[in-house]
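A.B. asks:
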Amino acid sequence: MSGINSVESKLDPVKAVYSQVIPAGEPWIRELKNGQYFRIVDLYGNQAVDTLFYNAHDYSDRYSAQDTIQQQCNIYLTTGTKLISTNGTVLLTIVADTCGRHDTLGGACATESNVVRYALEKRHMHACRDSFLKAVIEWDHGMTKRDITSNINFFMNVPVTPEGKLTFEDGISDPGKYVEMRAETDVLVLISNCPQLNNPCNAYNPTPVQVLIWDGVGA
Ligand SMILES: [Zn+2]
Numbered sequence: 278m279s280g281i282n283s284v285e286s287k288l289d290p291v292k293a294v295y296s297q298v299i300p301a302g303e304p305w306i307r308e309l310k311n312g313q314y315f316r317i318v319d320l321y322g323n324q325a326v327d328t329l330f331y332n333a334h335d336y337s338d339r340y341s342a343q344d345t346i347q348q349q350c351n352i353y354l355t356t357g358t359k360l361i362s363t364n365g366t367v368l369l370t371i372v373a374d375t376c377g378r379h380d381t382l383g384g385a386c387a388t389e390s391n392v393v394r395y396a397l398e399k400r401h402m403h404a405c406r407d408s409f410l411k412a413v414i415e416w417d418h419g420m421t422k423r424d425i426t427s428n429i430n431f432f433m434n435v436p437v438t439p440e441g442k443l444t445f446e447d448g449i450s451d452p453g454k455y456v457e458m459r460a461e462t463d464v465l466v467l468i469s470n471c472p473q474l475n476n477p478c479n480a481y482n483p484t485p486v487q488v489l490i491w492d493g494v495g496a
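Heads up: the sequence shown begins at 278 in my numbering, then just goes up one per residue.
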């Protein structure tokens, strides 16, 4: 596939200060300090990792898909992409990426979209928006449904056709592929390891992913 570039990281997982496996379908929330490195590993391949980022000191200053796309003049995210906030802050920079392309147009699955995309009886199936909400309520720092805005779908393949159509396709990620970012300020990360069973983005089988964090200096 043209335009897909693999850039590897030099960071050693043994030196990570944090490592955690997020089970299939579960949310995860944690703060990164300015300068820390953050990696998401697609352990089994083809797993969509729905992710939101916030300025850790002001949750109203949050990841903006629109500003990120505009700034880089490209709809896909990969190495070199600066993840821009609604206030124009660079929250993180993607510094390595062995998958090569990530989506930020497809949005997060919700019980409503389960009905629209699939069927009425899919409404009550577990969805990312519910996972996000559950995580911010448990985080208990005053975030609500209003704070759940347009997200990134790491490892998700949503190509745009020459006619401008969005198509949800089989993943382009394989087991062990990863994406790595450097926090450019203190950042709150919110992940829904997508529980969706009806979409080829997860190969109809949600699987665990791993998150790792390294301290910046000498990492
Ligand atoms: Zn989802």
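Note that the Cβ used here is the ideal one computed from N, Cα and C, for glycine as well.
(1) Using only Cβ atoms and a threshold of 7 Å, which residues come within that distance of a heavy atom of ligand 1? Order them by chain position.
(2) Should residue 350 be labelled buried (16 or more other beta-carbon atoms within 10 Å of its own) or exposed?
(3) Is the region 461-474 in contact with the region 400-417, if contact means three or more CB pairs nearer than 8 Å?
(4) Would you mind sorting residue 324 into buried or exposed? The rule is 16 or more other CB atoms within 10 Å of its CB.
(5) From 491, 438, 371, pick the residue whose C-alpha is nearest to that of residue 446; which is it?
(6) Does the Cβ of residue 366 have 16 or more other Cβ atoms within 10 Å, making it buried, or fewer, making it exposed?
(7) Rounded to whole angstroms, what's the CA-CA distance from residue 306 to residue 327? Just pull it up for me.
(8) How big is the Cα-Cα spacing for residue 370 and residue 459?
(9) Kindly provide the ranges of any beta strand (DSSP E) runs that are 3 or more residues long and lie completely inside the region 289-348, ordered along the chain.
(10) Who are the near neighbours of residue 298 in its chain, counting only those whose CB is closer than 6 Å to its CB and skipping five residues on each side?
(11) Distance check for residue 450 and residue 475, CA to CA, integer angstroms please.
(12) Just how far apart, CA to CA, sit residue 389 and residue 471?
(13) Do residue 430 and residue 380 have their CB atoms nearer than 8 Å?
(14) Report buried or exposed for residue 278, applying the criterion of at least 16 other Cβ atoms within 10 angstroms of its Cβ.
C.D. replies: With the structure as the only source:
(1) Matched residues: 325, 327, 385, 386, 404, 405, 469, 471, 472, 473.
(2) Position 73 of the sequence shown, counted from the first residue, corresponds to residue 350. Result: exposed.
(3) With a cut-off of 8 Å, the region 400-417 and the region 461-474 count as touching, because enough Cβ pairs lie within range.
(4) In the sequence shown, the residue the question calls residue 324 occupies position 47. Taking all protein chains shown into account, residue 324 has 16 or more neighbouring C-beta atoms within 10 Å of its C-beta and is therefore buried.
(5) Taking the sequence shown and counting its residues from 1, the one referred to as residue 446 is at position 169. For the set 491, 438, 371, the Cα lying nearest the Cα of residue 446 is the one of 438.
(6) Taking the sequence shown and counting its residues from 1, the one referred to as residue 366 is at position 89. Sixteen is the threshold: when 16 or more other Cβ atoms of the shown chains lie within 10 Å of the Cβ of residue 366, as they do, the residue is buried.
(7) As a first step, residue 306 is located in the sequence shown; it is residue number 29 there, counting from the start. As a first step, residue 327 is located in the sequence shown; it is residue number 50 there, counting from the start. Rounded to the nearest angstrom, the two C-alpha atoms are 12 Å apart.
(8) Locating residue 370 in the sequence shown gives position 93, where the first residue counts as 1. Locating residue 459 in the sequence shown gives position 182, where the first residue counts as 1. For residue 370 and residue 459, the distance between alpha carbons rounds to 5 Å.
(9) DSSP runs (the beta strand (DSSP E)) wholly in the region 289-348: 295-299, 304-309, 314-319, 326-332, 335-339.
(10) Numbered from 1 along the sequence shown, position 21 holds the residue referred to as residue 298. The beta carbon of residue 298 sits closer than 6 Å to the beta carbons of 485, 487 from its chain, once the five residues preceding and following it are set aside; these are given in chain order.
(11) For the purposes of this step, residue 475 is taken as residue 198 along the sequence shown, with counting starting at 1. For the purposes of this step, residue 450 is taken as residue 173 along the sequence shown, with counting starting at 1. The alpha-carbon atoms of residue 475 and residue 450 are separated by roughly 18 Å.
(12) Your numbering for residue 389 matches position 112 in the sequence shown. Your numbering for residue 471 matches position 194 in the sequence shown. Computed Cα separation, rounded: 15 Å.
(13) To locate residue 430, count along the sequence shown from 1; it is residue 153. To locate residue 380, count along the sequence shown from 1; it is residue 103. Taking 8 Å as the Cβ cut-off, residue 430 and residue 380 qualify as a contacting pair.
(14) Against the sequence shown, residue 278 aligns to sequence position 1. With a pLDDT of only 46 at residue 278, under the threshold of 50, the placement of this residue in the model should not be trusted, and no figure is reported.
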